[in-house]
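Undergrad: Protein chains in written order, with the numbering used here: chain A, 20 to 189; chain B, 20 to 189. Ideal Cβ positions, reconstructed from N, Cα and C, are used throughout, including at glycine. To start, I am sharing the structure in question, which I have written as structure tokens.
Number of protein chains: 2
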Amino acid sequence: MPDPDHPVAFAPHDHTRCAGHAMARAEAALALQGVRLTPVRRRTLQILLESHRALGAYDVLERLASDGYGNQPPVAYRALDFLEEQGLVHRIRRLNAFTACMHPGEVHAPAFLICRGCHAVAEAPAAAVGQALEAAAQALHFTIERSNIEALGLCPACAGTTEPMVRGLV
Amino acid sequence: MPDPDHPVAFAPHDHTRCAGHAMARAEAALALQGVRLTPVRRRTLQILLESHRALGAYDVLERLASDGYGNQPPVAYRALDFLEEQGLVHRIRRLNAFTACMHPGEVHAPAFLICRGCHAVAEAPAAAVGQALEAAAQALHFTIERSNIEALGLCPACAGTTEPMVRGLV
DNA sequence: TGTAAAGCGTTACTTTATAACATGTCAATT
DNA sequence: AATTGACATGTTATAAAGTAACGCTTTACA
């Protein structure tokens with residue numbers, strides 16, 4: 020039973036609702052922290068919420084600039100870094116890119132599944148992965164502070180076709 | 020019971036033996052594949068084997084250049100990319116850097132533990148992590164081709180001191 | 001020994017990211 | 001309402017990381 024507020028990136032869903040829900044949760048999370056969702060930050064988050072893909076800082080910057088915000092790299096990096104610190108955006112290291120968090124405000128240990136066909140990025144629930152990683156670290160008496168777990172491969176749609184389904188997927 | 024051929028990066032060990040073993044295994048693995056360990060490639064691997072740290076491509080390049088090899092970025096990237104394809108070097112995406120594989124020729128699903136104190140990088144056995152990740156992907160019908168699992172934190176030595184123990188650790 | 005493939009060195013360039021500083025905005029206090 | 005101090009934004013400039021493309025050299029092997 021799919022939860023309309025937490026759809027999987029790879030599966031068709033009401034994306035307007037999906038993005039709206041994420042934005043609402045993000046606003047709530049920021050208010051709770053007593054930090055400000057300024058226009059640049061809000062717009063940055065909106066841009067990332069438009070699709071289940073990861074965007075490079077310069078892609079975001081281009082969008083921001085065309086909306087009348089500053090057009091120098093720090094403008095984008097500052098907004099992205101802020102949102103990442105607040106847990107509203109995840110950095111996909113493999114892609115040097117950023118993607119909106121689909122579970123803002125919730126405790127979660129995400130693993131990212133990156134489709135090399137359509138470039139969709141799904142945030143998979145990965146509590147078990149996190150626990151296994153924690154166990155592996157403990158065996159070496161290592162204290163984990165932050166971690167990134169990413170997998171590259173093919174989403175269900177792209178695995179089934181010769182040509183990847185780049186178009187149409189939010 | 021510590022295995023002298025597979026020491027943990029964080030623990031003191033006979034590093035000459037550790038590196039020598041890794042180089043020998045690497046040579047065997049390459050011979051098996053019928054590919055060539057040219058002087059630049061060999062030297063690149065040696066450089067990475069000198070310490071349990073990750074080096075940026077430009078750090079490696081500097082070393083190669085001072086040894087009389089070419090001093091342009093592609094020289095380092097080609098050697099590093101080759102070694103990574105052959106499974107002799109791992110790329111640490113969080114650091115934009117490369118580290119020598121400690122288990123060349125063996126099937127292994129490594130997780131990398133990166134100490135932010137001394138910058139040591141340990142390759143933790145993580146079969147369970149890999150399995151959990153595979154399970155999380157299967158739940159979304161995603162096919163994993165490659166993955167990277169990295170954790171940032173403190174190694175046992177650095178966790179126990181105010182000042183990180185940067186010096187002396189191989 | 002000719003030749004095709006692989007490797008190396010170089011030039012030039014693109015992409016990604018940050019340091020540093022000036023300007024502007026906001027909200028809490030006098 | 002004016003002051004102030006912290007936070008946020010815009011800008012210049014530069015650093016760091018990574019790649020495309022070309023020509024020469026070496027190697028494997030027919």
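Around the C-beta of Thr118 (chain B), are 16 or more other C-beta atoms found within 10 angstroms, so that it is buried, or is it exposed?
TA: Classified as buried, Thr118 (chain B) has 16 or more neighbouring CB atoms from the shown chains inside 10 Å of its CB.
Undergrad: Taking the C-alpha atoms as reference points, what is the distance between Gly124 (chain A) and Leu51 (chain B)?
TA: 51 Å
Undergrad: Taking Cβ-Cβ distances shorter than 8 Å, what residues in chain A pair up with His34 (chain B)?
TA: What His34 (chain B) touches in chain A: nothing, since even the nearest Cβ is about 17 Å away.
Undergrad: Starting from Gly149 (chain B) and walking both ways along the beta strand (DSSP E), at which residues does that stretch end?
TA: Where Gly149 (chain B) is concerned, there is no enclosing beta strand (DSSP E), although the alpha helix (DSSP H) it sits in stretches over 146–158.
Undergrad: From B:Arg55, B:His127, B:Cys177, pick the residue whose C-alpha is nearest to that of His109 (chain B); which is it?
TA: B:His127
Undergrad: Taking DSSP as the reference, what is the three-state secondary structure of Leu173 (chain B)?
TA: If DSSP states are grouped into helix, strand and coil, Leu173 (chain B) belongs with the strands.
Undergrad: Leaving out the 5 sequence neighbours to the left and right, which residues in its chain are closer than 8 Å to Ile66 (chain B) when beta-carbon positions are compared?
TA: Same-chain partners within the cutoff: Leu74, Val79, Arg82, Leu83.
Undergrad: Would you kindly work out how many angstroms separate the C-alpha atoms of Arg72 (chain A) and Ala151 (chain B), rounded to a whole number?
TA: 24 Å
Undergrad: Use the C-beta contact count for Glu69 (chain B): other C-beta atoms within 10 angstroms, 16 or more gives buried, fewer gives exposed.
TA: exposed
Undergrad: Kindly identify the DSSP beta-bridge partner or partners of Cys134 (chain B).
TA: DSSP lists B:Gly172 as partners of Cys134 (chain B).
Undergrad: Taking three-plus beta-carbon pairs below 8 Å as touching, is the region 165–177 of chain A in contact with the region 132–152 of chain A?
TA: Taking one beta carbon from each stretch, the region 165–177 of chain A and the region 132–152 of chain A have 3 or more pairs nearer than 8 Å; the two touch.
Undergrad: Chain B partners of Glu103 (chain A), CB-CB under 9 Å?
TA: None at all; the shortest Cβ gap to chain B is about 13 Å.
Undergrad: Check this for me: beta carbons of Ala141 (chain B) and Cys174 (chain B), under 9 Å apart or not?
TA: yes
Undergrad: Name, please, each residue of chain B whose Cβ falls closer than 8 Å to the Cβ of Gly124 (chain A).
TA: Those within 8 Å of Gly124 (chain A) in chain B number zero; the least Cβ separation is about 21 Å.
Undergrad: Taking Cβ-Cβ distances below 9 Å as the criterion, which residues of the region 157–169 of chain B are in contact with chain A?
TA: Within the region 157–169 of chain B, the qualifying residues are Ala158, Leu159, His160, Phe161, Thr162, Ile163, Glu164, Arg165, Ser166, Asn167, Ile168, Glu169.
Undergrad: Taking Cβ-Cβ distances below 8 Å as the criterion, which residues of the region 113–147 of chain A are in contact with chain B?
TA: Arg113, Ala130, Leu132, Cys134, Arg135, Ala141, Ala143, Pro144, Ala145, Ala147
Undergrad: Indicate whether Phe29 (chain A) and His160 (chain B) have their beta-carbon atoms separated by less than 9 Å.
TA: yes
Undergrad: Using a C-beta to C-beta distance shorter than 8 Å, which residues of chain A count as neighbours of Pro175 (chain B)?
TA: Leu159, His160, Phe161
Undergrad: Quick check: the Cα distance between Thr180 (chain A) and Pro144 (chain B), rounded to an integer number of angstroms?
TA: 35 Å
Undergrad: Per DSSP, which one or two residues make a beta bridge with Pro58 (chain A)?
TA: Answer is none; Pro58 (chain A) lacks a bridge partner.
Undergrad: Go to Phe29 (chain A), then tell me how far its alpha helix (DSSP H) extends in each direction, as first and last residue.
TA: It is not in any alpha helix (DSSP H) - Phe29 (chain A) carries neither H nor E in the DSSP assignment.
Undergrad: Can you tell me whether DSSP reads Phe117 (chain B) as helix, strand or coil?
TA: strand
Undergrad: Please return the same chain residues whose Cβ sits closer than 7 Å to the Cβ of Arg113 (chain A), not counting the five positions on each side in sequence.
TA: Ile133, Glu169, Leu171
Undergrad: Quick check on DSSP: helix, strand or coil for Pro123 (chain A)?
TA: coil
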